[in-house]
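Take the sequence shown: its letters are residues 64 to 188, numbered as in our numbering.
Cβ atoms here follow ideal geometry from the backbone N, Cα and C, with glycine treated the same way.
Heads up: the structure comes next, in structure tokens.
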Amino acid sequence: KKVVMASSVPIKIGIIGGSGLDDPDILEGRTERYVDTPFGKPSDALILGKIKNVDCVLLARHGRQHTIMPSNVNYQANIWALREEGCTHLLVTTACGSLREEIQPGDMVIIDQFIDRLVQHNSDY
64 KKVVMASSVP IKIGIIGGSG LDDPDILEGR TERYVDTPFG KPSDALILGK
114 IKNVDCVLLA RHGRQHTIMP SNVNYQANIW ALREEGCTHL LVTTACGSLR
164 EEIQPGDMVI IDQFIDRLVQ HNSDY
């Protein structure tokens with residue numbers, strides 16, 4: 064099935080992948096870019112490439128070696144870096160639990176309620 068863009072405005076998709084969902088092999092023509100932001104360094108290098116001819120930037124939320132705990136992720140730097148790279152849209156994945164019994168492990172959902180236990184972080188966005 065072919066996807067046709069309804070807008071002539073170019074898009075660039077920023078992908079913030081959690082553990083196991085940050086495989087750079089999904090991108091064609093990959094290049095790496097290390098950046099700094101006013102908030103410090105993001106979790107890892109930005110991986111630039113294409114998926115089906117759409118410009119994308121992949122960022123491993125916990126670092127590619129999975130060494131950054133959720134409470135230590137520099138979320139502001141991550142978002143800033145992707146915006147500075149020209150991302151117009153974000154696709155963010157997470158692995159989390161649910162308080163609803165009908166949602167089973169492995170189900171894919173769009174979260175509309177989220178308990179944020181990272182209260183020490185600024186919520187500037």
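Chain-order list of residues whose beta-carbon lies under 7 Å from that of residue i (same chain, five-residue window excluded)
i    : result
K113 : L90, E91, G92, C119
Y188 : Annotation note: pLDDT 49 at Y188 (below 50); position unreliable, coordinate value reported separately. For Y188, where only same-chain residues beyond five positions count, the Cβ hits under 7 Å are I142.
Distance CB(residue i)-CB(residue j) smaller than 8 Å
i    : j    : result
S106 : I142 : no
G103 : N137 : yes
Whole-angstrom distance between residue j and residue i, CA atom to CA atom
i    : j    : result
Q128 : P73  : 32 Å
I76  : A123 : 14 Å
G169 : S161 : 11 Å
A140 : A108 : 12 Å
L111 : T94  : 5 Å
R96  : E164 : 42 Å
I174 : V98  : 30 Å
K115 : D86  : 16 Å
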